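Positions in the sequence shown are counted from 1; adding 1222 to them yields the numbering used here. The beta carbon of each residue, even a glycine, is placed where N, CA and C say it ideally should be. No experiment lies behind these values; they were computed from the predicted model shown.
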Amino acid sequence: MRIYNYLLQIIEQKGAAYLVLLDPDKLTGQKLAEFVLKACKAGVDAFLFGGSLLVNGTLDEQIKIVKEHSSVPVILFPGSESQITPAADAILFLSLISGRNPDHLIGKHVIAAPILKKIGLEPIPTGYVLVESGKRTTAEYMSASIPIPRHKPEIAAATALAGEYLGLKIIYLEAGSGAEASVPIEMVRKVTSVCTVPVIVGGGIRDTKSVTDFVNAGAKCIVTGNLFEDESRWGELEDFARAVHIKEKR
Ligand code: 1GP
């Protein structure tokens, strides 16, 4: 549990961890290297790698670039078992607990587990909770599952708690990449009030005010992805990291 413990340590030291999701289909080559250098300087704690649908198939190459330019962990955030690679440091072993699709609850895991064992990749047992966010997201469509209605925080809290009681080590409240609306703050508050494991919030986060609100509501990891595919916003990385790291005085 080396990487999981690393995340716990960051949470303890800085109040929350800042994770940046890299889509290997979007940021590549020299641009990716430049971004990674900038992100690390700004204080990003780990990179997530993957996507619900990857078409270029250059994951290994991209992870190599990230590793050459940074020392922070690379954690796979896989859309399918085909995205498993020993090039990463760990994998979010996602069970889509908001859905009722057996493939995403246990089926894919049976296929993935022996591969992870063989290559020695650390699985981080993660309860993945999709939350309704306006228009239909790729994650929702690809997983053929119904997200939790945004005005039902009590369903999210019961789902997350059930995940924790099943032994999952982290809960990921996900509005979906590029979501119109991020996870409602009330839902984050409700979920963090019942869970003792760290709660990740991601999807559609575009400003530091939302980050501050989520962290104050008890989120322990914040994920941004899409936002920094726009190079003109790279200058804001440090502001985002500062908003996440509430315990750190800079
Ligand atoms: C998606 O939570 C992540 O899984 C990030 O979402 O790309 O909307 O920031 P965005």
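Three-state class that DSSP yields for residue i in the structure shown
{"i": "PRO1324", "result": "helix"}
{"i": "SER1317", "result": "strand"}
{"i": "PRO1345", "result": "strand"}
{"i": "ALA1335", "result": "helix"}
{"i": "THR1473", "result": "Residue coverage of the chain in this structure runs from 1223 to 1472, which leaves residue 1473 outside it and unanswerable."}
{"i": "VAL1296", "result": "strand"}
{"i": "LEU1243", "result": "strand"}
{"i": "LEU1249", "result": "coil"}
{"i": "ALA1401", "result": "coil"}
{"i": "ALA1261", "result": "helix"}
{"i": "ILE1285", "result": "helix"}
{"i": "VAL1351", "result": "strand"}
CB of residue i within 8 angstroms of CB of residue j, strictly
{"i": "ALA1384", "j": "ILE1319", "result": "yes"}
{"i": "VAL1437", "j": "ILE1468", "result": "yes"}
{"i": "ALA1382", "j": "ILE1392", "result": "no"}
{"i": "LEU1314", "j": "LEU1338", "result": "no"}
{"i": "THR1250", "j": "ASP1282", "result": "no"}
{"i": "ARG1464", "j": "GLY1440", "result": "no"}
{"i": "ALA1255", "j": "ILE1287", "result": "yes"}
Delimiting residues of the beta strand (DSSP E) encompassing residue i
{"i": "LEU1395", "result": "1392 to 1396"}
{"i": "ILE1422", "result": "1421 to 1424"}
Unbroken alpha helix (DSSP H) run spanning residue i, endpoints
{"i": "GLY1385", "result": "1375 to 1387"}
{"i": "VAL1437", "result": "1430 to 1438"}
Residue i versus the options, residue with shortest Cα-Cα distance
{"i": "CYS1316", "options": "ILE1285, GLY1272, THR1280, SER1355", "result": "Reading off the sequence shown, one finds Leu at residue 1316, where the question assumed Cys. Nearest option by C-alpha distance: GLY1272."}
{"i": "ASP1311", "options": "LEU1270, ASP1325, SER1302, GLY1321", "result": "LEU1270"}
Give me the pocket residues for ligand 1, defined as CB within less than 6 angstroms of any heavy atom, sorted by chain position. Any residue whose Cβ sits closer than 6 angstroms to a heavy atom of ligand 1 makes the list: LEU1243, GLU1396, SER1399, GLY1400, ALA1401, GLY1424, GLY1425, GLY1426, ILE1427, VAL1445, THR1446, GLY1447, ASN1448, LEU1449.
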